[in-house]
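In mature numbering (1 follows the signal peptide of the UniProt record, and there is no 0), the protein residues as written are -29 to -1, 1 to 410.
Each residue gets a CB set at the ideal place from its N, CA and C atoms; glycine is no exception.
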Amino acid sequence: MAFRRTMCALGATALTGALIMATAPAASADQTRRDQWALETLQAESAWKISTGKGVTVAVIDDGVNANHIDLQDNVLQGRDFVDGGSATPDAGDDHGTAMASIIAAHGHGANDGVIGLAPEASILPVRDFGTGGPGLPASIRYAVDNGASVINVSQCFVSSSAQRINEVSSAVEYAVSRDVLVVGGSGNDGRSEKCYPAASPGALAVGAVTSDGTIWQDSNFGSHVTLVAPGAKIVAAAGSGNAYRMGTGTSDAAAYVSAAAALLRAKFPDLTAGQIANRLVKTAVLPGSAKTLSLPDEKYGYGSIRPLAALTEDIPVGSAYGPLKVPGHEGASAAPSTGKSDADYAAENKEADQKQLIFFIILGLVALAVIGLIVFLIVKLSGRDKNRTGGSGGPAGYPQYGQQPVSPQQNPSQQSASQQNPYQQQSPPPHGQWPPQQ
């Protein structure tokens, strides 16, 4: 039997000087926030105006979570240790689980310091079970389901020739989906076509990693089971001891971002099933410009990179209960393909929409000016008729024109106020509105 644990973030990628950052002044912490490039890519600030993941519990099955980290305090629930029966606190040197938890639900500290997760008000249920594979992982998944998690993040995977081990894990994933819990897993970090479980289990959402330019990370595992991709290169996150930080690269980090996006959606759409949540992520996914001609789902990109803001705001049909999840006995991914559009496509569509809106405002302004001109013309014409009926300026002294007060012979009409001479005040055309439209 071949059994191998594939980790999605290695110790070698830990941020150099992490302990220095833990005790540095506020300016260094600000740099930590600025280094979280994925938040800008995922339009987190705009997404948080709609959902922060509040009320959603995300289980993190990993090497434990540092609940005392300043950026995670109060967002971590009491979990369970499936390794040695102790607490879910990580051992010294174990950073991985804390990093994943912070990518999902860290809240930072101060005005703009530390790391912040994509779902900063979600709750983390820590489940300590790292690399145990077979009999351990299924129990951890079932525990998370039975203890309130609606999303389960498994940023670890194993490759095995044992059908029994694979079936045990896949059965646990099926148990989760049947109880409306979404299981998200990293696809693996070998850069080859290889199924790594539980990501490859039927019903799970397998996630690959992309770099900051949106292209696939070179070591991201690929295959027909990959459904989505997300940022996974040089990701700054919290460390497992003290208040330190670390930097990691791999499909672990990408899976955590997808779990966080799912938490945002579960908070916004509490009536949608796990499969329908996955459907919104799939339908709004996007490919980089260099990959726009790919046939979907692609073995590396799946349906593309997640766009949480679009998933929260776009009008997406609810779809079937299982959506794109490949659950045994139910139709899977072919039922919910994404548009396959690239970033360039969306930019072109937005530009076209802006141009149409500009034309609309121009036409509206011209119509308004035409209406005002017509009103002025009618006023002048009616005024002329009144002059003809009263003799105009040559009429009998003391007989007013329409809308004027009687004028005594001693009073010069030119001495009347401007408002008396012209009782009609010309209206300004309506504003054209703000451009571009405010989001």
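With 16 other Cβ atoms within 10 Å as the buried cut-off, status of E11: It is exposed - the Cβ of E11 has fewer than 16 other Cβ atoms within 10 Å.
Proximity of R99 and D42 at Cβ, strictly below 8 Å: no
Separation of G68 from E145, as counted between CA atoms: 24 Å
Classification of P268 by the beta-carbon crowding that lies within 10 angstroms, buried from 16 upward: buried
T338 versus G344: straight-line alpha-carbon distance, rounded: The residue asked about is misnamed: residue 338 is Val in this sequence, not Thr. Roughly 10 Å between the two C-alpha positions.
N-terminal and C-terminal residue of the beta strand (DSSP E) that A209 is part of: I206 to A209
A256 versus G179: straight-line alpha-carbon distance, rounded: 13 Å
Simplified DSSP assignment, three categories, for S142: helix
Distance, I21 Cα to A77 Cα: 18 Å
Residue from S17, Q2, S126 and G35 whose Cα sits closest to the Cα of A226: Cα-wise, what sits closest to A226 is S126.
Which of helix, strand or coil DSSP assigns to Q372: Low per-residue confidence applies at Q372: pLDDT is 34, beneath 50, and the placement is therefore not dependable, though the value from the model is reported in the following sentence. Coil, per DSSP.
A234 beta carbon less than 8 Å from that of V31: no
Proximal residues to S183 (C-beta, below 6 Å), its chain only, five neighbours per side dropped: W8
Exposure label - E16; buried when at least 16 CB within 10 Å: exposed
Where T244 falls: helix, strand or coil (DSSP): coil
Bridge partners - A180, DSSP secondary structure assignment: A201
Cutoff 7 Å; reference C167; Cβ partners in own chain excluding five residues on either side: T(-24), C128, F129, V130, S158, G159 and N192
Proximity to V207 [Cα-Cα], best of L199, G213, T198 and R217: R217
Nearest-angstrom beta carbon gap, P97 and A143 [assumed within contact, 8 Å]: Not a contact, Cβ separation roughly 18 Å.
Whole-angstrom distance between I95 and residue 411, CA atom to CA atom: Because residue 411 is not part of the residues shown, which for the chain are -29 to 410, the question remains open.
R113: first and last residue of the uninterrupted alpha helix (DSSP H) it sits in: G107 to D117
Cβ-Cβ separation, D151 to A245 (assumed contact under 8 Å), whole Å: 5 Å
Neighbourhood of A315 by C-beta distance below 6 Å, restricted to the same chain and skipping five residues each side: Caution applies to A315, whose pLDDT of 49 falls short of 50 and renders its modelled position unreliable; the model cannot decide the point.
Closest residue to D62 among A170, S266, G35 and T222 (Cα-Cα distance): When only C-alpha atoms are compared, the closest one is G35.
Through-space distance from V155 to I112, alpha-carbon basis: 11 Å
Beta carbon of A72 nearer than 8 Å to that of V27: no
Uninterrupted beta strand (DSSP E) stretches inside the region 10 to 50 (no shorter than 3 residues): Counting only unbroken stretches of 3 or more residues, the beta strand (DSSP E) elements lying wholly within the region 10 to 50 are 28 to 33, in sequence order.
Secondary structure of R278, DSSP reduced to three states: Coil, per DSSP.
CA nearest to the CA of E270, picked from A210, H301, G194 and G213: G194
With 16 other Cβ atoms within 10 Å as the buried cut-off, status of F101: buried
Other residues of its chain near A171: CB distance less than 7 Å, five sequence neighbours each side excluded: A177 and H196
Those residues which DSSP pairs with L96 across a bridge: Paired residue(s): A30.
Beta-carbon proximity list for G50, same chain, < 6 Å, skipping 5 on both sides: A59, L96, P97 and V98
Within 8 Å, strictly: CB atoms of G174 and V298: yes
Buried versus exposed call for S141 [16 or more other C-beta atoms within 10 Å across all chains shown]: Buried, since its Cβ has 16 or more Cβ neighbours within 10 Å.
Straight-line Cα distance separating Q189 from A232: 23 Å
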